[in-house]
Structure formats: C-alpha cells, structure tokens
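Numbering follows my numbering, in which position 316 of the sequence shown is assigned residue number 994; successive positions increment by one, without gaps. By construction, the Cβ of each residue, glycine as well, lies at the ideal position given by its N, Cα and C atoms. On a predicted model such as this, the values are computed, not experimentally measured, just so you know.
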Amino acid sequence: MKTNHLFLSVLAVIVLSIFSACKKKPNGEFPTASSETVHAVGRDGYVATYWQNGKATRLGSSTGSSDANAIFVSGTDVYISGYQIGSNNKYIAKYWKNGTAIDLSDGTKDAMANDVFVIGSDVYIAGQETNGQTASWVAKYWKNGNPVTLSAPTENAVANGITVIGSDVYVIGTRRESSWITPVACYWKNGQVSDLSNRSTSPSYQAITQSAEEVHLTYSAAYNSQGQSQSAYSRNFTAPVFITDGTNDATSHAISVSGNDIYLAGWGTSNQNSAIQAKYWKNGSPVTLTSGQQSAFALGIFVLTNDVYVAGYMENPQSGRGSLATYWKNGKAVSLTNGESDALLRDIVVVPISAQ
C-alpha cells in the first residue's frame, strides 16, 4: 500500500533526524474498540516491531538493525515487509508472515523490501537491490520470492510501493539515468516505466494503492533549494492534484482510499514556528494532528468506515530524548512507546473483528 528500504531509511535518518523493547505505555490501557484489531509496524530501538492492539512483537534479531516498512493483512495472515542487517553488514530484504521471516535476498548485496501486497496466494514485495558492481540500486519486485527486475542496468532506481489489479502489476518509485543529476518519480505497469515528475524537482516519497479497480498514487518532491516539498495525488494516472494547505511545505508519504475520498498522510511546517506538524489531507483539505510544540511526522494511513487512523511518530518533548511511536485515531494520539528511545510507526491496518 505504501512508503519510503535503504534509500528512505537513510534519508529519514539524515533528514528527519530520529528513528527498544516496548515499555509501559504512557497513555495507560490500549484504547482500541472491542470490534476491531489495530495492526501497526515500524521499529523500536532500531529493531523491526509489530504491534497488535498495542502489544509489541519484535521481528528483527538482536544481531543487527532491522526495520518493518509496510503491512498487509489477508484473512488471518499478517504480512510485513522490511529488512535485517546481516553479519556482513549487508541489508537483507525480507518479509515476515505471521512472525516467521522469509529472506528475499541472499545477503551478498544490499537489498530492501519496502512494500507488500497480497492477492489470493500470491505475495508481491516491492524494493530494490544493489547491482553488485556499483552503489546503484536496481528497482525490482518479488512475486512469491521470485525477483522481477524493473529498471535498466544504467539507472539508479528504487521501488517504494506496489499494488495489483487483475493481471496488472503497478509499482511506484524513482529512477535516475546515468547522465542525470536529479532523479524523477515514476511508475512501472507490468515492467513498462512512465515518469510522474521532471528533473526540475527532487523526488522524496511515493505511495500507491488501489480501490474499486482504480489505481491511486501520491508523490512528493522538493521544489526549491531550501528543500521545501510539494505533493500531488492522482486517480488512474489522471492529471495530478497538488496539495495546497496554506503553508510553503507539504509532504505526502502515504495514501488510502475510502469510497470516493482520497486520504494522504504526511507533514508540513507549523504556522507558529519551525516545528513540523503531522497531518493528513482528505481530498486535498488538510487536517492537522499535532500542535507544533514538537515535530511530528505521519507515515501511514488507513480508513475504516468513518474512522481515520494515521501512523507515525512524535519527538519526545523532553530535549535530547527519543521519539514516541504513535498513531492517531480521528485526531487523538495513542503512543505505543514512552519516548525513552527512538521509535516510530511506518504503517497501520485496522480490521473489524467480523472480518477476521
């Protein structure tokens, strides 16, 4: 369903500046309704972690850093994509099915698994792997563990999101040809690439999903030397709709669709100060989730009926401390960690009990 993987993981560490066994939750009892199950993934103390109704399960081993980038729930099965750093310090692309790890790469080259989509018995994972000769990435997806290369050998490309409609496989990401200085956002349909942006901007995050046999996507890009972002969304690859929320900086990171409504999750600067505010947009209209007293970021979004769930994190208001892995339900924050170490939620899925 979504974003942002070594490319985005490194970018997030550098640009966002924050990314631990689960402690007692600062908000007390987990406030989930008895009629639903809240699934969330991310990391806690640089260990890939899965939360079900607030209860944390560590996915990654203690031998190296790991991260969980996306989640897909199919019936009673939970699929989570991510990575684990191996003993040779190489990133191993993998996914977990019901907590059991399945490696997608052999550990001889760096590889990342960024997104997961499941249809029937087929598991699709979007990501990238180095070409083994240079530091360039090769965008690819794995179908049931079998790799499908998307980008040309001369390109540096990553695949950040994937969805499938019928026999068509759609992947969103970025690519940069060897003669280019700046990459572009793009998508592949059954391996054929089309560009979404031009080289006048610098792409940052992309996400893709589908609803009612339609493809929905979002992408963001820096448009000036200060790194301020503009973001757009599109239905079935029609002309992009750009977010305008009254600020100079609006970054979309994830997308969800409910009926005719399109929801984006991301962040923008506060009007009062330079702190970054977690936000979501419904059909382009912004909903601010945080006050701006400390920076916060929204990384994933899921809509169930009339309830909007947004996954992300907030900086600990106590200077020099970690971050709180947090989701917001209809604007109310629920923190799953206590902020003593760096933690975040990258993705969220909510399933009604009746559907399980």
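| Item | Value |
| --- | --- |
| 3-residue-minimum beta strand (DSSP E) runs that sit fully inside the segment 823-899, ordered along the chain | 824-827, 833-843, 846-855, 862-867, 870-873, 880-889 |
| Own chain partners of THR827 with C-beta closer than 7 Å, once the 5 adjacent residues on each side are dropped | VAL816, LYS818 |
| Spatial distance of ASP793 from PRO995 (CA atoms) | 31 Å |
| 8 Å CB neighbourhood of GLY706 in its chain, flanking five on each side removed | Confidence at GLY706 is low in this model, with a pLDDT of 33, below 50, so the placement of that residue is unreliable and no value is reported for it. |
| Distance, ASN731 Cα to THR879 Cα | 40 Å |
| ASN876 vs VAL893 beta-carbon contact at 7 Å | no |
| Beta-carbon spacing of VAL847, ALA837 below 7 Å | no |
| Three-way DSSP call (helix, strand, coil) for SER1032 in this model | helix |
| C-beta contact flag for ALA771 and TYR757 at 7 Å | no |
| Exposure of PHE750, with buried meaning 16 or more beta-carbon neighbours within 10 Å | buried |
| Reduced DSSP category for ASP784 - H, G, I as helix; E, B as strand; rest coil | coil |
| Buried versus exposed call for GLY1000 [16 or more other C-beta atoms within 10 Å across all chains shown] | buried |
| Residues that DSSP places opposite GLY764 in a beta bridge | Its beta-bridge partners do not exist; DSSP assigns none. |
| Endpoints, beta strand (DSSP E) assigned at THR715 | 714-722 |
| DSSP-derived helix/strand/coil call for THR812 | coil |
| Among ALA835, SER882, TRP945, nearest to VAL871 - alpha-carbon criterion | ALA835 |
| Top-ranked residue by Cα proximity to ILE940, from HIS931, GLY962, LEU1014 | GLY962 |
| Cut-off 8 Å between Cβ atoms - residues of its own chain near ILE780, not counting five sequence neighbours on either side | LYS772, TYR773, TRP774, GLY823 |
| Member of GLN904, PHE920, SER759 whose CA lies at the smallest distance from the CA of ALA910 | PHE920 |
| Sheet register partners of ALA917 (DSSP bridge) | In the DSSP output, where bridge partners are listed per residue, ALA917 has none listed. |
| Environment of ILE979 [buried if 16+ CB atoms lie within 10 Å] | buried |
| Sequence-distant residues of its chain with Cβ nearer than 6 Å to SER898 (five each side left out) | SER882, TYR883, SER907, SER909, THR929, SER930 |
| Nearest-angstrom Cα separation, counted from PHE975 out to LYS821 | 31 Å |
| Closest residue to ILE797 among GLN972, GLY839, LEU1023, GLY753 (Cα-Cα distance) | GLY753 |
| Local conformation of ASP793 per DSSP, three classes | strand |
| Sequence-distant residues of its chain with Cβ nearer than 8 Å to GLN971 (five each side left out) | ALA953, PRO995 |
| DSSP-derived helix/strand/coil call for ASP985 | strand |
| Closest residue to THR860 among ASN902, VAL965, ASN747, GLU714 (Cα-Cα distance) | ASN902 |
| Which of helix, strand or coil DSSP assigns to ASN930 | At residue 930 the sequence reads Ser, which differs from the Asn that was named. SER930: strand per DSSP, three-state reduction. |
| Three-state secondary structure assigned by DSSP to ALA974 | strand |
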